[in-house]
Structure formats: structure tokens, C-alpha cells
Amino acid sequence: MSEATEVRVYQPSQDMVSNAAVSGMDAYKALCAEAERDYEGYWARLAREHVTWQTPFTRTLNEDNRPFFKWFEDGKLNVSYNCLDRNIEAGLGDKTAIIFEADDGTVTRVSYSDLLVRVSRLANALRSKGVKKGDRVVIYLPMSIEGIVAMQACARIGATHSVVFGGFSAQSLRDRISDAGAVMLITADEQCRGGKNIPLKPIVDEAFGMGGCESCKTVIVYKRTGGACNMVAGRDVWLHEALEGQADTCEPEWVEAEHPLFLLYTSGSTGKPKGVQHSSGGYLLHAILTMKWTFDIKPSDVFWCTADIGWVTGHTYITYGPLACGSTEIVFEGVPTYPDAGRFWKMIQDHKVTVFYTAPTAIRSLIKAADANDAVHPKSYDLSSLRILGSVGEPINPAAWEWYYQNVGGSRCPIVDTFWQTETGGHMITPLPGATPMVPGSCTLPFPGIQAAIVDETGNDVPWGQGGILVVKKPWPSMIRTIYGDPDRFVKSYYPADFQGRYYLAGDGAIRDAKTGYFTITGRIDDVLNVSGHRMGTMEIESALVAHPLVAEAAVVGRPDDLTGEAICAFVVLKRSRPTGDEAKQIANELRNWVGKEIGPIAKPKDLRFGDNLPKTRSGKIMRRLLRSIAKGEQITQDTSTLENPAILDQLAQTL
Ligand code: PRX
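In my numbering, the protein residues as written are 256 to 911.
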């Protein structure tokens, strides 16, 4: 955003300003100033006010072993206690915690008391199967009450969960079970999405068949559909059988604040996905604070985050944040386009949703559907219950922002464009709905206390109006603690020597508006792609491609896509001659499906092209910037003098 660009500024309504938890810009600035004055004191105050501790902490931040920071380290708590028991003790036992809507529209309501019983019974079952504090449990479940119960049950007994998104392949599941050294897996027979039953358990069996899952002694299977399901004697047990005879109460395991609540695997620029490890105390604090300040959550709200529990958004804003705040939330099993593209709007109407949080990709695809058919346009539904809208996962383009604001929010609801990452645990840069004037396409200003900044390659601040590298200058409570099993990679990835290990490196580029200082994220600066808000490493996709017997070499880049934000474009050299015509199409399809099986359908390249070779420098380095231009369909204007084989460019420019 430069000074010359005309920017529209949207002020929060007076009503919102008067009633929001952070009321007006002065209140926002006062919080930032408090953190500036006494950084540790600020976070300590908030941690005491918002989290219930079994043993209070006396030390706020320990930086002795930087960048392995510790927060509230001598405090003890239980995250599940904070999400369930403390709400019930406050009189919310009968309040609806979860409104679950299944793919077929069936609605189930669970109160806080019911949820505590369900979590306790499963926690007891896990204990009876030998799961102890610190053990890793992989959860491979569809969107379900059981998924949330499984995560909370792990938290209750101090087991560290690692949720694997239900769309990941057997290979990806196997790699995660193996890397985490999981002792148990919780899964389902099938999942229901878009009117179809999709098998899950066979994928689990395939993963186990690959070897490397030997640490995992028990597989608990939730019977979702009753479809055909092979049970391995001695290893597999039905969830309903595991729960039989278990007591309704379960004493929580009080854990240290730093105890790992979960691992969540995410893609990096090199090699295999990394197991991002989060803490209990600091993580919970930020989940609660962001619910209260970014979403302004109130007792009467009906909150709906449309993410899957397989991603960090589902962890913080489905499993932990809303429950820790005693709110009522929607959990949705299905997809936004089934039975038609009005599903989200109908659900908002039916359940009187007040705070709605979704991804730009979903909005863009629903705009397209609404343009084509009035019946699925938001105007055909009563969305008057809404008061706040949110966006997450990728940059929201101003046109989609405006549409969301006008058509879904009735030009009345603020939009919080929340920038954050798996590693950050919760929101980092975001408007606060009763304080921050909004500018479409900008995630505006840091959450109070978060020291976000933009620097150059040497770590020096760049002036506003000039693009650079997004960093966070001070550790914050909900930050990643390490990469599970690979502390060196943690240091190299996030506290690299380039900045003398001073700052957390987000991996994104950003620019601050010259006048307002508002942040706009300009995209990843590493080899990570963002397709429909899903994060994928180009190297991961390349490795999957070269694992195919026909493939000699592959290079993957991203290109802009109107619907998915970025699209995957793969350039492939086969071991045989370069195919053309129908044969090329057929092999391309085979390779796409192969990637789908290796990683998961979300990683299938949209665009796949064949060459006799790849553009390389004389020293053999693939020239990715050229490939990016080719993928975009741009004329090559860059200097190609160092290119060993310039003729290859024309070949690669041909789409199939
Ligand atoms: O590039 C940024 C983009 O998503 C990345 C983080 O992806 P992941 O760890 O999968 O977490 C997604 C959900 C928090 C970031 O490095 N990103 C996320 N939110 C935004 C965004 N880019 C622009 N604007 C956002 N609001």
C-alpha cells in the first residue's frame, strides 16, 4: 500500500466501540503502552486474570536458554479444567457448549456438563490403556464432537496430541505417527463430507502397513457411519467399547505451564513437515485473550469458526479458545457447498451465529456461486444475528473483503483480518473490532503486546512504506517452543543467524503503510505455498513427484490464482522422452493422483508441464524465478545469460 493508493477506511460503529472489550483506539494504545513499559508485568497480569492456575507462577519469562523461551514456568494448570470445570463451577453447566451440525444437517447439542462427562470418560479410557502424561496421541478424526472430546481428553491427562487432518494420505499419517513416536491413534471408520462417506480406517491400516508405526500399540475407532471396517485384533478397539464402564469423572493431571499440549505438523521450506510444539499455559492464555479481544466474545454469542480441527485454527478457535471462554460454538462436519453453496448462510440463519470466522478461499468460491444463483446468495438468508466477521489463512483481496463486508455483514459488522501462523498459536496482527479502523486487504496492527516489525536482510528496521521481512522482536507466551525432535531445525528456521538470533522470523514478507503504519502481508519469502489457506512446501511436493518411477526431476512453484490464492505449478522431467498430446495429459493425471496419494488431495498440482530439462544455471541450480514467471504466463524479461539451456523456456511455457 503506497501513499498514492486511495484507501477506504472503515470505522468501527459507535455501538461496537462502546461495548467491545477493547473499546476505542485509546484503549488499544493503552494496552500497547503497558506492554512497552513492563513487558513481563503485562503478560503476568493477563495470565493471572484470564487463566485459572492450580499453582500460581512466580516467574513470568525465562530467557536463559534463548530461543527456547519459557513462560510462567513454575505455574501449574490443566487446560481441560480451564475449558470445562471452571465454566461449570461458574454456573454454566447447562449452557450449550457445542452445536454440532452433521453433513446431512442433523443437529446435536452438548452442554458444558455433558462435555465434561464425555471428556472424563475418554480420559479414563486412555489412562486405562496405559496413556500417561507426556505420551503422544495422534488424532485422525473428522470434524466431530468426538474430535474435540479426544483432544480435550488428552489435555486432561497431560498427553500431548497431534491431530492429523483427515485429508492427509497414509504416507503423511505414517510419517507423523512415526516422527511423534505416538503410543495411540484415535480415528473413525469413515468421514462424511458433501453427501459422501469417505473411508478413514483403511488409510490407517495402510499407514501401519508401511512400517514405522510400531510405537503405536492401540487404535481407537469411532464408529461414525458403520461402514465396512477391518479391526486388527489386539490393536484396534471401538470407541464405544473403550468407553464402557468408564467413570464420569476424571481428576485432571496438573501440568507445568511449559508442558507440551500438542504437536501440529506443518510444512516448511525444506524437507519433511515439522512438528510444531506448543505449551499449555502460554498457549491457553493467548487463545483466551484473542477470543476476548479480537472476537470480543460475550456470554450471549454463538461463535462459528469453519476451520478443521486438523489445522491450528481449529485447535485455537474450536477446541480451546471458545470453550475456555464458556461460549457456545458451532462445529460443522460438512463442506460449504453441500447441499448447495448457501450452506454457510443457512447455518448462520438457523443457529443465529453472531461471530463468524472463515477463510478467503471459502468466501471467494461462495461469491462465485452467489453471482450465478440468487438462491445461494447471502441476501436470500436472514444474517441479522451476525455482529463480527473474521478472515484467516491467507491474504484477503480487497474485492472479497468488500463483498464479505456488504453481503454477509450487511455493512454493519467489522471484519477482523487475522494474520497468524501454526507457530504463533493465535492472532499476531489483527484489527480489534471496537477499536481499529479497517482497511480492506490489511491486517492492520499488532495484537497488544506483540512486537511485530519489518526488517531488511540484516535485521535492521525498514522505514514505513518500504517492504521487508516480517519478524517478532520479543518472545510471546503462545509461541512455538521447539520442533519436536529437532531443536536445531527450530533455531535455524525461526531464529536464524542472519538476525543474530534476535528475532522470530515468520517467513512472510510485509509492508507498513507510510502514513498509518498498517501492516499488509505480501506473501511467503520462503519456498512455502499457500493454496486455499493450506500451507505446503514446494520441496515436499517435489519429493513426492520424484518418488514416482517415471519421474527424473521436478520443480514446483506457486502462481497466483483467483480462487485458491495460489495454485501449484509443477515442471517435470521424465526418465523417458518428453510426452506430448493425450499421452502427456494422461501421465500428468497419473502424477497428480500420485501426489494426492503421497501427501493428500490438497497437494495435487493444478498445472503440470513436461520439459526435456529444467532451466538451470551453469552450476546446476534450478532457476525458480524463471519458473515462477513461466507459471504466471509472463514474458521472460529477466536476464537469462546464466542459463545453460535457454531453449527449454519455450517448451515449459506450453500448457497441456
Ligand atoms: O503466509 C501467512 C498466511 O498463512 C501462513 C501461516 O499458515 P498456517 O501456519 O497454515 O496457519 C494458517 C492459519 C493461522 C502465514 O505465514 N496467512 C495466515 N493468515 C493470514 C495470512 N496471510 C495474510 N493475511 C492473513 N490474515
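Glycine included, C-beta positions come from ideal geometry on N, C-alpha and C.
Check: Could you tell me the distance, in whole angstroms, from the CA atom of TRP493 to the CA atom of PRO397?; Outcome: 16 Å
Check: Alpha carbon to alpha carbon, how far is GLY888 from THR897? Give it in angstroms, no decimals.; Outcome: 21 Å
Check: Given a threshold of 16 other Cβ atoms within 10 Å of its Cβ, counted over all protein chains shown, does ARG391 qualify as buried or as exposed?; Outcome: buried
Check: Please confirm whether CYS287 and PRO703 have their CB atoms less than 7 Å apart.; Outcome: yes
Check: With a threshold of 8 Å on Cβ separation, who are the neighbours of THR307 within its own chain once the five nearest residues in sequence on each side are excluded?; Outcome: LEU332, TYR336, ASN337, ARG341
Check: Could you spell out the range, first to last residue, of the alpha helix (DSSP H) harbouring PRO742?; Outcome: 742 to 749
Check: Any chance the CB of ASP743 is under 6 Å from a heavy atom of the ligand PRX?; Outcome: no
Check: Starting from CYS246 and walking both ways along the beta strand (DSSP E), at which residues does that stretch end?; Outcome: Because the chain is modelled from 256 through 911, residue 246 falls outside the range shown and cannot be assessed.
Check: Mind checking whether MET546 and GLY576 have CB atoms under 7 Å apart?; Outcome: yes
Check: By the 10 Å Cβ neighbour count, where 16 or more other Cβ atoms means buried, how is ALA761 classified, buried or exposed?; Outcome: buried
Check: How many Å lie between GLY500 and PRO528 at the Cα?; Outcome: 39 Å
Check: So, with DSSP's three-state summary, where would you put ALA908?; Outcome: helix
Check: Less than 7 Å between the C-beta atoms of SER366 and ASP349, yes or no?; Outcome: yes
Check: Closer than 6 Å by C-beta to PRO650: which residues in its own chain qualify, once you throw out the five before and the five after it? Chain order, please.; Outcome: ILE776
Check: In this structure, how does DSSP classify TRP600 when only helix, strand and coil are distinguished?; Outcome: helix
Check: Please list the terminal residues of the continuous beta strand (DSSP E) segment that includes THR699.; Outcome: Here THR699 belongs to no beta strand (DSSP E), and DSSP marks it neither H nor E.
Check: In chain order, what residues of the same chain have a beta carbon less than 7 Å from the beta carbon of THR521, not counting five sequence neighbours either side?; Outcome: PRO528, LYS529, VAL531, THR677, ARG790
Check: Which residues in the same chain as SER733 place their Cβ atom closer than 6 Å to its Cβ, once the five residues preceding and following it in sequence are excluded?; Outcome: GLY537, TYR538, HIS541, GLY680, GLY681
Check: Beta carbon of TRP675: closer than 6 Å to some heavy atom of the ligand PRX?; Outcome: yes
Check: How many Å lie between SER268 and GLY813 at the Cα?; Outcome: 39 Å
Check: From which residue to which residue does the beta strand (DSSP E) around VAL476 run?; Outcome: 473 to 477
Check: Check each candidate in GLU795, TYR773, GLY772, PHE774 and name the one with the smallest Cα separation from VAL783.; Outcome: GLU795
Check: Nearest-angstrom Cα distance between ASP595 and GLY450?; Outcome: 11 Å
Check: Apart from the five residues just before and just after GLU496, which ones in its own chain have a Cβ nearer than 6 Å to its Cβ?; Outcome: none
Check: How would you call VAL362, buried or exposed, if buried means at least 16 neighbouring beta carbons within 10 angstroms?; Outcome: exposed
Check: When the distance is taken between beta carbons, is TRP731 closer than 7 Å to ARG767?; Outcome: no
Check: Assuming LEU829 and LEU805 make a contact with CB atoms under 8 Å, what is their CB distance in whole Å?; Outcome: 5 Å
Check: Could you check the C-alpha separation between GLN909 and THR525 for me, to the nearest Å?; Outcome: 28 Å
Check: Compute the Euclidean distance between the alpha carbons of SER417 and ALA809, then round it to the nearest angstrom.; Outcome: 31 Å
Check: Quick check on the burial criterion: 16 or more other C-beta atoms within 10 angstroms. Buried or exposed for GLY481?; Outcome: exposed
Check: Please check the pair ARG382 and ILE412, which I expect to be a contact at CB under 8 Å, by giving their CB distance rounded to whole angstroms.; Outcome: 6 Å
Check: Using CA coordinates, which residue listed in ARG479, LEU498, ASP503, VAL474 is at the minimum distance from GLY489?; Outcome: VAL474
Check: Once the 5 residues before and after GLY665 are set aside, which same chain residues still bring their CB inside 8 Å of it?; Outcome: LEU638, SER639, LEU641
Check: Looking only at its chain, what residues have a beta carbon closer than 6 Å to the beta carbon of ALA211, apart from the 5 residues adjacent to it on each side?; Outcome: Residue 211 lies beyond the range of the chain shown here (256 to 911); nothing can be said about it.
Check: State the Cα-Cα distance for the pair ILE453 and PHE324, rounded to the nearest angstrom.; Outcome: 42 Å
Check: Considering just the uninterrupted stretch of the alpha helix (DSSP H) at PRO454, what are its terminal residues?; Outcome: Element bounds for PRO454: not the alpha helix (DSSP H) but the beta strand (DSSP E), 451 to 454.
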